[in-house]
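J.: In order, the protein sequence lines correspond to chains S and U.
Those letters in the first sequence? Residues 43 to 201, by my numbering.
Those letters in the second sequence? Residues 43 to 201, by my numbering.
Below is a structure I'd like to ask you about.
There are 2 protein chains.
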Amino acid sequence: MRWNELKREACSVARTVSVIGDRWTLLILRDCFLRVRRFEMFEARLGITRHILADRLRKLVKAGVLARVPYQARPRRYEYRLTDKGLDLHPVIMAIVHWGDVHMAGKAGRPLLHEHRACGHVFDPVLSCSVCAGAVTARDVLVRPGPGAKSSLLAGEAR
Amino acid sequence: MRWNELKREACSVARTVSVIGDRWTLLILRDCFLRVRRFEMFEARLGITRHILADRLRKLVKAGVLARVPYQARPRRYEYRLTDKGLDLHPVIMAIVHWGDVHMAGKAGRPLLHEHRACGHVFDPVLSCSVCAGAVTARDVLVRPGPGAKSSLLAGEAR
DNA sequence: CCTCTCAGTTCCAAAAAGGAACCTTGACAT
DNA sequence: ATGTCAAGGTTCCTTTTTGGAACTGAGAGG
Chain S
43 MRWNELKREA CSVARTVSVI GDRWTLLILR DCFLRVRRFE MFEARLGITR
93 HILADRLRKL VKAGVLARVP YQARPRRYEY RLTDKGLDLH PVIMAIVHWG
143 DVHMAGKAGR PLLHEHRACG HVFDPVLSCS VCAGAVTARD VLVRPGPGAK
193 SSLLAGEAR
Chain U
43 MRWNELKREA CSVARTVSVI GDRWTLLILR DCFLRVRRFE MFEARLGITR
93 HILADRLRKL VKAGVLARVP YQARPRRYEY RLTDKGLDLH PVIMAIVHWG
143 DVHMAGKAGR PLLHEHRACG HVFDPVLSCS VCAGAVTARD VLVRPGPGAK
193 SSLLAGEAR
């Protein structure tokens with residue numbers, strides 16, 4: 043399966059992965075959420091080669107995750123900003139950061155802390171239910187086919 | 043930057059990406075959460091080539107995300123199961139699924155629905171604060187250096 | 001024996017990534 | 001007018017990673 047076949051799969055993971063399922067893309071998005079916006083800044087922070095960076099930024103713009111907006115005329119220069127669609131990736135990045143904090147932090151401790159403006163405390167992200175607001179873990183979830191399902195998606199066996 | 047340099051970065055995203063930042067790995071994990079466990083099953087569902095699958099499974103086992111457990115003797119056969127560390131990736135997969143459901147679902151609708159056993163309803167995952175339990179969006183979060191920080195990680199500019 | 005299943009491994013061609021140099025637009029200084 | 005600088009790319013060539021398909025090995029079952 044090639045990249046372009048991925049986005050046609052009847053699976054939300056496959057479709058999302060067709061946009062962000064690449065190590066550089068994920069690192070670029072991390073930097074976007076840290077307010078990095080310019081080509082040279084990404085390059086310096088990531089240690090990515092320039093043509094791969096150009097390629098990934100182009101793809102993210104095409105996917106509607108980033109917008110390429112001019113920040114000066116003469117010479118015309120552009121920067122890359124998260125769109126609303128891109129901002130919606132925040133939970134993905136937070137979940138990734140949290141897993142890294144818990145399972146991959148060295149003894150130096152976590153590199154970054156997150157403060158919740160609303161309550162003023164340093165917090166951990168918790169996944170919760172949109173209906174009852176209770177915490178959700180892997181074992182609390184029953185997966186069922188939805189309207190866009192292909193029957194082959196589910197593995198069969200009940201949970 | 044090569045893969046093996048990634049895990050040494052002082053960034054939880056980089057470290058997590060060194061384990062799961064590959065499209066096949068993410069799709070393998072999706073299937074793991076759908077109770078797929080055997081080599082042939084992964085291959086059939088994913089359309090991945092066999093040696094890449096073998097490679098990714100080996101890496102996930104080495105990373106402690108999956109465990110290779112025998113399910114029959116004579117001939118000895120193994121299956122791959124999520125460890126607790128692997129189960130902790132559930133929020134990452136849920137966040138990815140949800141983004142795909144919202145931004146990439148065709149008009150057929152979402153392929154899978156998730157029911158919260160505790161309350162019995164189909165739900166969407168919401169990221170919330172471990173301290174006050176309130177919802178958390180990108181703009182609610184203030185990022186600060188933690189004990190394991192390198193100063194270069196933050197982009198500078200206040201949020 | 002012969003064939004089948006599962007779980008891999010091997011080999012070769014094709015695609016993607018790394019590295020370094022080059023290009024373009026315009027500002028600013030000499 | 002010539003030279004240098006900065007930002008944001010592009011080009012070219014080499015090394016790495018994938019894709020695809022065939023082969024291996026340990027039993028089971030006829």
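Virtual Cβ for every residue (Gly too), placed ideally from N, Cα, C.
Please read these numbers as outputs of a predicted model, since none were measured by experiment.
How would you list, in chain order, the residues of chain U whose beta-carbon sits under 9 Å from the beta-carbon of Val-103 (chain S)?
T.: The residue given as residue 103 (chain S) occupies position 61 in the first sequence. Residues of chain U passing the Cβ test: none, with the nearest at roughly 15 Å.
J.: To the nearest angstrom, how far is it from the Cα of Asp-64 (chain U) to the Cα of Ile-138 (chain U)?
T.: As a working note, residue 64 (chain U) is residue 22 in the second sequence. As a working note, residue 138 (chain U) is residue 96 in the second sequence. One C-alpha to the other measures close to 14 Å.
J.: What residues from chain U crowd round Asp-64 (chain S), counting only those whose CB sits closer than 9 Å?
T.: Here residue 64 (chain S) refers to the residue found at position 22 of the first sequence. Within 9 Å Cβ-Cβ: Gly-63, Asp-64 and Arg-65.
J.: Applying a beta-carbon distance threshold of less than 9 Å, which residues of chain S neighbour Thr-125 (chain U)?
T.: Taking the second sequence and counting its residues from 1, the one referred to as residue 125 (chain U) is at position 83. By Cβ distance, chain S contributes nothing, its closest Cβ being about 10 Å from Thr-125 (chain U), past 9 Å.
J.: Output needed in chain order: residues of the stretch 94–123 of chain S with a Cβ under 7 Å from some Cβ in chain U.
T.: Here the close residues number zero.
J.: In this structure, how does DSSP classify Arg-98 (chain U) when only helix, strand and coil are distinguished?
T.: Along the second sequence, one-based indexing puts residue 98 (chain U) at 56. Of the three classes helix, strand and coil, the one that applies to Arg-98 (chain U) here is helix, per DSSP.
J.: So, for Val-61 (chain S): in the same chain, excluding its five sequence neighbours on each side, which residues have a beta-carbon less than 6 Å away from its beta-carbon?
T.: Here residue 61 (chain S) corresponds to residue number 19 of the first sequence, with the count starting at 1. Contacts found: Ala-105.
J.: According to DSSP, His-132 (chain U) sits in a beta bridge with which residue or residues?
T.: The residue labelled residue 132 (chain U) in the question sits at position 90 within the second sequence. Per DSSP, none; premise fails for His-132 (chain U).
J.: Per DSSP, which residues does Ser-170 (chain S) bridge with? Please list them.
T.: To locate residue 170 (chain S), count along the first sequence from 1; it is residue 128. DSSP, once it has assigned bridges, lists S:Ala-177 and U:Val-168 as partnering Ser-170 (chain S).
J.: Give me the residue from U:Arg-186, U:Ile-70 and U:Leu-131 with the minimum Cα distance to His-220 (chain S).
T.: Look at the range of chain S in this structure, 43 to 201, and you will see that residue 220 (chain S) is not part of it.
J.: Helix, strand or coil for Glu-51 (chain U)? Go by DSSP, reduced to three states.
T.: As a first step, residue 51 (chain U) is located in the second sequence; it is residue number 9 there, counting from the start. It is coil, neither helix nor strand.
J.: Checking contacts by CB at 7 Å: is Phe-84 (chain U) closer than that to chain S?
T.: Here the question's residue 84 (chain U) lines up with position 42 in the second sequence. It does not; no Cβ of chain S falls within 7 Å.
J.: Give me the Cα-Cα distance between Cys-161 (chain S) and Asp-143 (chain S), rounded to the nearest whole angstrom.
T.: Stepping through the first sequence from its first residue, residue 161 (chain S) is reached at position 119. Stepping through the first sequence from its first residue, residue 143 (chain S) is reached at position 101. Near 21 Å, if we compare the C-alpha coordinates of Asp-143 (chain S) and Cys-161 (chain S).
J.: For Arg-201 (chain U), which three-state DSSP category applies?
T.: Along the second sequence, one-based indexing puts residue 201 (chain U) at 159. Bear in mind that the predicted position of Arg-201 (chain U) carries a pLDDT of just 37, short of 50, making it too unreliable to give a figure here.
J.: I need the straight-line Cα distance from Asn-46 (chain S) to Arg-152 (chain U), nearest angstrom please.
T.: Mapped onto the first sequence, residue 46 (chain S) falls at position 4. Mapped onto the second sequence, residue 152 (chain U) falls at position 110. If you take the alpha carbons of Asn-46 (chain S) and Arg-152 (chain U), they lie about 20 Å apart.
J.: How do the stretch 79–89 of chain S and the stretch 116–123 of chain S stand: do at least 3 beta-carbon pairs fall below 8 Å, yes or no?
T.: Touching, per the Cβ criterion.
J.: Return the residue from the list U:Glu-157, U:Val-183, U:Cys-53 and U:Gly-190 that minimises the CA-CA distance to Pro-133 (chain S).
T.: The residue you call residue 133 (chain S) lines up with position 91 of the first sequence. It is U:Val-183.
J.: Which chain U residues sit within Cβ distance under 8 Å of Ile-135 (chain S)?
T.: Locating residue 135 (chain S) in the first sequence gives position 93, counting from the first residue. Per Cβ cutoff of 8 Å: Val-55.
J.: For Leu-202 (chain S), report the span of its alpha helix (DSSP H) as first-last.
T.: With chain S represented from 43 up to 201, any question about residue 202 (chain S) goes unanswered, as that position is not in the structure.
J.: Would DSSP call Arg-123 (chain U) helix, strand or coil?
T.: Counting from one through the second sequence, the residue named residue 123 (chain U) turns up at place 81. Arg-123 (chain U): strand per DSSP, three-state reduction.
J.: Does any residue of chain U bring its CB to less than 7 Å from the CB of Leu-184 (chain S)?
T.: Taking the first residue of the first sequence as 1, we reach residue 184 (chain S) at position 142. For Leu-184 (chain S), the answer is yes, since a Cβ of chain U falls inside 7 Å of its Cβ.
J.: So, is Asp-73 (chain S) buried or exposed, given that buried needs 16 or more other C-beta atoms within 10 angstroms?
T.: Along the first sequence, read from residue 1 onward, the residue named residue 73 (chain S) stands at position 31. Buried, by the Cβ-count rule.
J.: For Trp-66 (chain U), I'd like the list of residues in its chain whose CB is within less than 8 Å of its CB, leaving aside the five on either flank, ordered along the chain.
T.: For this step, residue 66 (chain U) is matched to residue 24 along the second sequence. The residues are Leu-88, Ile-90, Ile-94, Leu-95 and Arg-98.
J.: Spatial neighbours of Thr-125 (chain U) within its chain, please: CB distance less than 8 Å, with the 5 preceding and 5 following residues excluded, ordered by chain position.
T.: Translated into the one-based positions of the second sequence, residue 125 (chain U) becomes position 83. Cβ within range, chain order: Gly-106, Val-107, Leu-108 and Ala-109.
J.: So, for Val-164 (chain S): in the same chain, excluding its five sequence neighbours on each side, which residues have a beta-carbon less than 6 Å away from its beta-carbon?
T.: Against the first sequence, residue 164 (chain S) aligns to sequence position 122. Taken in chain order, the residues that qualify are Leu-155 and Glu-157.
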